[in-house]
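Structure record follows, encoded as structure tokens.
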Amino acid sequence: MGQLSVAGVETWTTQRILGFFNRAFDSKDLIEGVLKDDPGTGTGKYVIGEVVAQRIIDRRNALPGQQYSSLTQLNGIQGMGVDKFHDLVYTFRLPAAEAFKEAMYTNVISANWKLESHTSRWNDQQEFLDLVDNPSLFQNWLATEIGRIAKVKFDLRFSAADACSRLEASHQIVYDSGHLAAFAFAFWFYRFDLDNWFQYEQVVQETNLYLDFMPNVLDRTELRLFVGFENQNLLAEPATVKDLPVVVNYGEQAVTIWAAQLND
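Residues in the sequence shown are numbered consecutively from 512, following the numbering used here.
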């Protein structure tokens, strides 16, 4: 059995893999995990069988705090080979916002929905933190970014100023608990048409995976909801709802602006 090499695996990818194993209540949670085969390995569909899943759980439960803290702790688990490790990296390397959007279309919403994510990333951690942890700078950046998006979408000449005034007219609620953020974001979707398209619980399952996945608070995914923000004719066309969901992903050093419309 080859040793697992973590060279080249991004920190946030590592944290998502560790979170996947640490959140599992039992082996069933690993077997039912949504994992994808790495096409580069050519090994076929990825499957964690019941025996291997139990070995992963047993190893975890024998560790300090009953939690994995490093991918190298998976070394030596029979059946957890290099190919399976590649599949894990392939699955969790997909940015969280993209994975959430894909899951929503696969499991919850249909083609008459238009769900859009606009993500900005920073390579420099300090530059990222200086922006997202400064409310005034962050709101100014957000207004400019919304203006840029609106100009492309609607060809609006003064959209940045419009975005700024709409942001100033709204009030911000910060959900730094991924668990609470998951319920708030799910309710934003639910308000589009109540339960005519899906059950609230369906959305919570997906928003929880998106917002409450990172095991470390320093790598948290934070929801900043601008309550009262009018999305119509700026980020979305009717039918849409008020309030602007913005997700700050500290682990990925990324900010995602979400917009949605129901083409009913």
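For every residue, glycine included, the Cβ atom is placed at its ideal position computed from N, Cα and C.
Item, Value
"Contact belief for A695 with N719 at Cβ below 8 Å, rounded distance in angstroms", "Actually they are not in contact, since the Cβ atoms of A695 and N719 sit about 11 Å apart, beyond 8 Å."
"Selected residue, minimal CA-CA separation from K753, among A771, E712, V766 and N760", "A771"
"For N744, the first and last residue of its enclosing alpha helix (DSSP H)", "No alpha helix (DSSP H) holds N744; DSSP gives it neither H nor E."
"Residue closest to D644, alpha-carbon to alpha-carbon, out of T602, T767 and Y761", "Y761"
"For L653 and L582, believed in contact at Cβ under 8 Å, the rounded distance", "With 8 Å as the limit, L582 and L653 do not qualify as a contact, their Cβ atoms being about 35 Å apart."
"Of the listed residues K662, Q650 and W708, nearest to A680 (C-alpha basis)", "Q650"
"Supposed close pair L773, N623 - CB separation, criterion 8 Å", "7 Å"
"Nearest candidate by alpha-carbon position, reference R702, set Q577, T751, L642 and E733", "T751"
"Given 8 Å, three or more beta-carbon pairs between the stretch 525-537 and the stretch 597-617", "yes"
"Three-state secondary structure assigned by DSSP to N760", "strand"
"The ligand ATP heavy atom lying under 7 Å from the CB of W769", "Judged by which ligands are present, the structure shown has none, so any question about the ligand ATP falls away."
"Helix, strand or coil at R702 according to DSSP, with G and I counted as helix", "coil"
"For Q650, the first and last residue of its enclosing alpha helix (DSSP H)", "P646 to F665"
"Host alpha helix (DSSP H) of I542 (start-end)", "S538 to I542"
"Residues near T630 by beta carbon distance below 6 Å, same chain, minus five either side", "A608, A765 and T767"
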